[in-house]
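Okay, structure first, notes after.
2 protein chains.
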Amino acid sequence: MWDRYRLAHEVSIAGSRGRRDKGRMNPYDPGKDPFAHPSSSLGYLTRIAFRRFSRALEKRTLEQGVSSGQWRFLRVLWQEEGLTQRELSLRVGMREPTTVVALRGLEKSGFVERRPSTDDRRKVHVYLTPHARSLRGALAPAIADVNAVATAGMTDAEVRTLKRLLTLVGENLLKAGGDGEATTEA
Amino acid sequence: MWDRYRLAHEVSIAGSRGRRDKGRMNPYDPGKDPFAHPSSSLGYLTRIAFRRFSRALEKRTLEQGVSSGQWRFLRVLWQEEGLTQRELSLRVGMREPTTVVALRGLEKSGFVERRPSTDDRRKVHVYLTPHARSLRGALAPAIADVNAVATAGMTDAEVRTLKRLLTLVGENLLKAGGDGEATTEA
DNA sequence: TATCATTCCATAGTATACTAACTATTTTGC
DNA sequence: GCAAAATAGTTAGTATACTATGGAATGATA
Numbered sequence: 000m001w002d003r004y005r006l007a008h009e010v011s012i013a014g015s016r017g018r019r020d021k022g023r024m025n026p027y028d029p030g031k032d033p034f035a036h037p038s039s040s041l042g043y044l045t046r047i048a049f050r051r052f053s054r055a056l057e058k059r060t061l062e063q064g065v066s067s068g069q070w071r072f073l074r075v076l077w078q079e080e081g082l083t084q085r086e087l088s089l090r091v092g093m094r095e096p097t098t099v100v101a102l103r104g105l106e107k108s109g110f111v112e113r114r115p116s117t118d119d120r121r122k123v124h125v126y127l128t129p130h131a132r133s134l135r136g137a138l139a140p141a142i143a144d145v146n147a148v149a150t151a152g153m154t155d156a157e158v159r160t161l162k163r164l165l166t167l168v169g170e171n172l173l174k175a176g177g178d179g180e181a182t183t184e185a
Numbered sequence: 000m001w002d003r004y005r006l007a008h009e010v011s012i013a014g015s016r017g018r019r020d021k022g023r024m025n026p027y028d029p030g031k032d033p034f035a036h037p038s039s040s041l042g043y044l045t046r047i048a049f050r051r052f053s054r055a056l057e058k059r060t061l062e063q064g065v066s067s068g069q070w071r072f073l074r075v076l077w078q079e080e081g082l083t084q085r086e087l088s089l090r091v092g093m094r095e096p097t098t099v100v101a102l103r104g105l106e107k108s109g110f111v112e113r114r115p116s117t118d119d120r121r122k123v124h125v126y127l128t129p130h131a132r133s134l135r136g137a138l139a140p141a142i143a144d145v146n147a148v149a150t151a152g153m154t155d156a157e158v159r160t161l162k163r164l165l166t167l168v169g170e171n172l173l174k175a176g177g178d179g180e181a182t183t184e185a
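Those sequence lines, one after another, are chains A and B. Following numbering that gives the first Met the number 0, the numbering of the first sequence begins with 0 at its first residue and continues without gaps. Following numbering that gives the first Met the number 0, the numbering of the second sequence begins with 0 at its first residue and continues without gaps.
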C-alpha cells in the first residue's frame, strides 16, 4: 500500500518533468530532498536543543519554585529592576501579551511587584520582591551549569563559533521575516 | 533605589567572602557572571532561532492552511505513512500526549486519518489523506527555503559545523538529563 | 485647542508542549 | 495458565507562546 503510493507518486513526478513549478526551476523531487529527515534542518535542531535546555534549567530551579519560563524574566530583573513590561518583553524576547501573563504568575508566586508609573499612566514598572532578590545567588548561576553541560566536549573556539552562527541564524530570519519583531537587548 | 540595592548587595557579597557556597567553590558574583546577558546563553539563542524558524516556515505553509506545528508531522508522514502515534512522536521529537492533540487537529483539518491496528488493539496507525499527499510538492520544500535564509552568509563548512555542534548540544543535554526522553529518528 | 497617530498594557482566543495519571491491551516470567 | 510488568494511547491540568484586537493615555501636528 505504501509501496504502491510511492510508485504512483514517482510516476506522476516523471510525468510532470516538462513543466516548471511556480517560482521554482525544478519540480520537487523527494528522492533529492536534503531536508526529508528532521535532523537535517536547523529548525529541528534548535527546537530540540531549546526544549532540552529548558528542562535542564528547570531541574535546577524548581526546588525554589521557579519554572524555566519564570527564570527568564528573573534573570533580566536581577540585572535591572523597574523596567516597564514592554521593555521586559524586549529584553526577554517575548511578545507583550506573553509577558503580561507571565508577570501575573510571577506576581502571584511572590516574585515580583508591578507598580504603575508616576509619570506615564500607561506604563507599569516591575520590581523584584525581597524573596526573589534573595534567590539570585542560588539561581542565577543555573544557566552557567546548563551551558557547561551543553558544551561539554567543545573547544572554546567551537563554543564561540556556535554562538556566532546561531546569532547569525536569528538575524537572518529576523531580517527576512520583516514582521516587525523586536528583540533588542540593548 | 536600584543603586542602593546594588551597593547593599555588593557589601553583603564582600561580607560573606570567607564562607563557601553549598557545592560551589566561590560565592555567586554578579559582576563576573558571563551569563548575565541573555544572548550569551545558548538556551536563549536556540529559543530565539527556533521561534523565528517556526514563523518563517509558517509564512510559507499557512496559505495551504498548514501551521508549522502540523507541518512537522506531515514531513514525517510524507516520508512514511502508517506509523503508530508513538513512532510518530519519536520521529517528530514530541511527547505522546502532544502528538495525540496534534493528530486530532490534523484529522479535523482533513490531513490525516487514524486507523486502529489490525494486529494490536492498542495501536493506531496514521495515514495521509489524498489532500495532504497532494500538498507535498508545494510544502515539503518550504524547509529548504527557510534553512537557506537562515544560513545566508555562511560557508558550507560553517553550516556543517553549526549542525554538528547543535546536535552535540542536544546529545549532551539528553545525556545529562537522564530523564528517559526518547528522540530517535532511526 | 482639537484631532489624529502612536504607545502601553490588557483581553480573548488558539496553538503548542509538558507532566501526571489512567485504561485497555499485550508481553513476559513463573 | 495466570499474575505482573510493559506498552500504547488517552485524559486532565497547566504552562508557554502567539495573533488579533481593544481601551486608555500620551505625543505630534495643524
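No residue lacks a Cβ here, since even glycine has one placed at the ideal position from N, Cα and C.
Residue i to residue j, Cα distance in whole Å?
| i | j | result |
| --- | --- | --- |
| A:S116 | A:G81 | 10 Å |
| B:V99 | B:F49 | 22 Å |
| A:D28 | A:S53 | 37 Å |
| A:S40 | B:N146 | 7 Å |
| B:F72 | B:E86 | 11 Å |
| B:T89 | B:V125 | The residue you asked about is not Thr; residue 89 of chain B is Leu in the sequence shown. Spanning the two alpha carbons is a distance of roughly 14 Å. |
| A:W70 | B:V75 | 34 Å |
| A:R103 | A:E112 | 9 Å |
| B:R94 | B:T166 | 19 Å |
| A:R59 | A:K107 | 21 Å |
| A:K174 | B:I47 | 13 Å |
| A:H36 | B:K162 | 13 Å |
| A:G68 | B:E79 | 35 Å |
| B:E151 | A:P129 | A small correction: the amino acid at residue 151 of chain B is Ala; Glu does not occupy that position in the sequence shown. Taking the straight line joining both Cα atoms gives about 46 Å. |
| A:T160 | B:G42 | 15 Å |
| A:A156 | A:L164 | 12 Å |
| A:V158 | A:R120 | 45 Å |
| A:S11 | A:G92 | Low confidence applies to A:S11: its pLDDT is 29, below 50, so where it sits in the model is not reliable, and the reading given next is rough at best. Rounded to the nearest angstrom, the two C-alpha atoms are 45 Å apart. |
| B:K31 | A:S133 | 18 Å |
| B:P140 | A:D118 | 52 Å |
| A:Q63 | B:S38 | 24 Å |
| B:L105 | A:A101 | 29 Å |
| A:N25 | B:L61 | Caution is warranted here: a pLDDT of 49 is assigned to A:N25, below 50, making its placement in the model unreliable, and the coordinate value is therefore given only provisionally. So the two alpha carbons sit approximately 22 Å from each other. |
Can you look up residue i in the DSSP assignment and give me helix, strand or coil?
| i | result |
| --- | --- |
| B:T154 | coil |
| B:R5 | The predicted position of B:R5 is uncertain, since its pLDDT is 35 and thus under 50; no value can be drawn from it. |
| B:P33 | coil |
| B:E170 | helix |
| A:R16 | Confidence at A:R16 is low in this model, with a pLDDT of 28, below 50, so its placement is unreliable and the value that follows should be read with caution. In the structure shown, A:R16 sits in coil (DSSP, three-state: anything other than H, G, I, E or B). |
| A:K162 | helix |
| A:R23 | Its pLDDT being 38, under 50, A:R23 is placed unreliably by the model, and the measurement read from it follows with that caveat. Coil at A:R23, not helix or strand. |
Assuming residue i contacts residue j (C-beta within less than 8 Å), just tell me the rounded distance between them.
| i | j | result |
| --- | --- | --- |
| A:T83 | A:V123 | 6 Å |
| B:V65 | B:L127 | Between B:L127 and B:V65 the Cβ distance is about 12 Å, and since that is not below 8 Å, they are no contact. |
| A:T154 | B:T45 | The pair is not a contact, with the Cβ atoms about 19 Å apart (cut-off 8 Å). |
| B:V148 | A:L56 | About 29 Å; that fails the 8 Å criterion. |
| B:W77 | B:R114 | The pair is not a contact, with the Cβ atoms about 18 Å apart (cut-off 8 Å). |
| A:G109 | B:R51 | The Cβ separation is near 33 Å, so there is no contact. |
| A:F34 | B:A143 | 5 Å |
At which residue ranges does the segment 98-151 of chain A contain complete alpha helix (DSSP H) runs of 4 or more residues, listed in the order of the chain? 129-133, 135-138, 141-149
What are the residues in the segment 31-45 of chain A lying within 9 Å of chain B by C-beta distance? D32, P33, F34, A35, H36, P37, S38, S39, S40, L41, G42, Y43, L44, T45
Taking a cut of 8 Å between CB atoms, which residues from the segment 98-114 of chain A lie near chain B? none
Along the segment 65-79 of chain A, where does the CB come closer than 9 Å to a CB of chain B? Name the residues. S67, R71, R74, V75, W77, Q78, E79
Where the segment 116-134 of chain A meets chain B: residues whose CB sits under 7 Å from a CB there: none
With 9 Å as the limit, tell me which residues of the segment 144-162 of chain B have their beta carbon closer than that to any beta carbon of chain A; keep them in chain order. V145, N146, V148, A149, T150, A151, G152, M153, E157, V158, T160, L161, K162
Note down, in chain order, all residues in the segment 52-64 of chain B with a beta-carbon under 8 Å from any beta-carbon belonging to chain A. F52, S53, R54, A55, L56, K58
Whole alpha helix (DSSP H) runs in the segment 37-103 of chain A with 4 or more residues, listed along the chain? 41-60, 67-78, 84-91
If you measure beta-carbon to beta-carbon, which residues of the segment 80-95 of chain B are closer than 8 Å to chain A? E80, G81, R90, V91, G92
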